[in-house]
Structure formats: structure tokens, C-alpha cells
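The block underneath contains the structure these notes are about, expressed in C-alpha cells.
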Amino acid sequence: MVSVRQVQVTFDCADPERVARFWCEVLGYVVPPVPDGFGSWDDYHAAQAPEERNSWFACVDPTGAGPRLFFQRVPEGKVVKNRVHLDVRAGTGLVGDERLATLQAEQARLEALGASHVRTLVADGVNESCVVMQDIEGNEFCLD
188 MVSVRQVQVT FDCADPERVA RFWCEVLGYV VPPVPDGFGS WDDYHAAQAP EERNSWFACV
248 DPTGAGPRLF FQRVPEGKVV KNRVHLDVRA GTGLVGDERL ATLQAEQARL EALGASHVRT
308 LVADGVNESC VVMQDIEGNE FCLD
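Numbering of the sequence shown is given in the numbering used here, commencing with residue 188 and proceeding in unit increments.
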């Protein structure tokens, strides 16, 4: 039997630190400690070779329960729909109008951080409402 393994979710992006800090705000994650020997992340990045500077950043769940999110700089921009996306569980256990109102409140909070609304899927008798959004670089995610 295979034991449960930890996972890391990796995002390709243009500005790793900016996107990581956005997701810290969305999820309540934190920036991990600066590597030993450096006073700040700016100091760490300044010590890297020019082509490596600001090439990655990460954020972690302060409780240790959620996966580490890793953001890596890539030269190409996003051109198609994500094949994998995060579901931000903002309405767990809620139904109907209460769920929709909760999702819309979270949508407004995330839009203030730079996210954009794609569409709202309203409950249809089979599925509950969810909100499809994009982060600050256009990566899709859902509020559900």
C-alpha cells in the first residue's frame, strides 16, 4: 500500500513573487522564511545570478495542512485554459442564497486584490453555485 505523500502545486507565471503574494492573501498562506544567511528575500534574490533572480517564489499554509504553492517564471504567457485549477472552498456546507451571497462576498474581496470574475454558475437543482475567476495573471480558479 502506498503511503500518502505531500504535494506541491506549481504555477507557471511571469512574476512569481507577485502571484505568490496574491495567493497568500487569497488563502491565508504565508511566505516561507528567508534562506539561511540572508536578511530578506530581496537580499536572497540579489545574490542570485542575473538570469535566476526572481525566477521563483513560494507560499505555504501556516498550519502545514495545505500544499505548498510554488511559482516559477516562464518566458511564455498563458494562452489556453488551465488543465488543473484550484477550488477555493469559500462556501463549504452552505446552500442556496446563503452560499451564493458568501461566494459573491469572497469574489468582491478577491477582485479588490486584482482577481477577475469570469462567470457565476448559479445552483441548478443538481449542483450548488460556484464562481469562476482568474488570478492576477489569468490563471482560472473557482470559488465553491
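We put the beta carbon where it would ideally sit given N, CA and C, even for glycine.
Owing to the predicted nature of the structure, the values given are computational and were not obtained by experimental measurement.
Within the same chain, and ignoring the five residues on either side of Ala201 in sequence, the residues whose Cβ sits closer than 8 Å to its Cβ are Arg260, Val261, Gly264, Glu324. Under the DSSP assignment, His304 falls in the beta strand (DSSP E) whose first and last residues are 303-308. A contact is defined here as three or more CB-CB pairs under 8 Å, and the stretch 206-226 meets this definition with respect to the stretch 238-251.
Residue environment: Asp223 is assigned as exposed (fewer than 16 neighbouring CB atoms within 10 Å of its CB, all protein chains considered). The three-state reading of DSSP puts Asp199 in strand, counting E and B together. In the DSSP assignment, Gln294 falls within the unbroken alpha helix (DSSP H) covering 283-299.
Counting only runs that start and end inside the stretch 203-259, the alpha helix (DSSP H) elements of at least 4 residues fall at 203-214, 228-233. For Val275, the closest alpha carbon among the candidates Gln294, Gln235, Gly226 is that of Gln294. Counting along the chain, Asp274 sits inside the beta strand (DSSP E) bounded by residues 273-275.
In the DSSP assignment, Met320 forms a beta bridge with His304, Phe328.
The beta carbons of Phe258 and Pro220 sit no closer together than 8 Å.
When C-alpha distances from Cys329 are compared across Gly312, Val313, Leu308, the shortest belongs to Leu308. Cβ neighbours of Asp199 within its own chain (closer than 7 Å, five residues either side excluded): Gln259, Val261. The C-beta distance from Phe209 to Asp322 rounds to 6 Å, short enough to fall under 8 Å.
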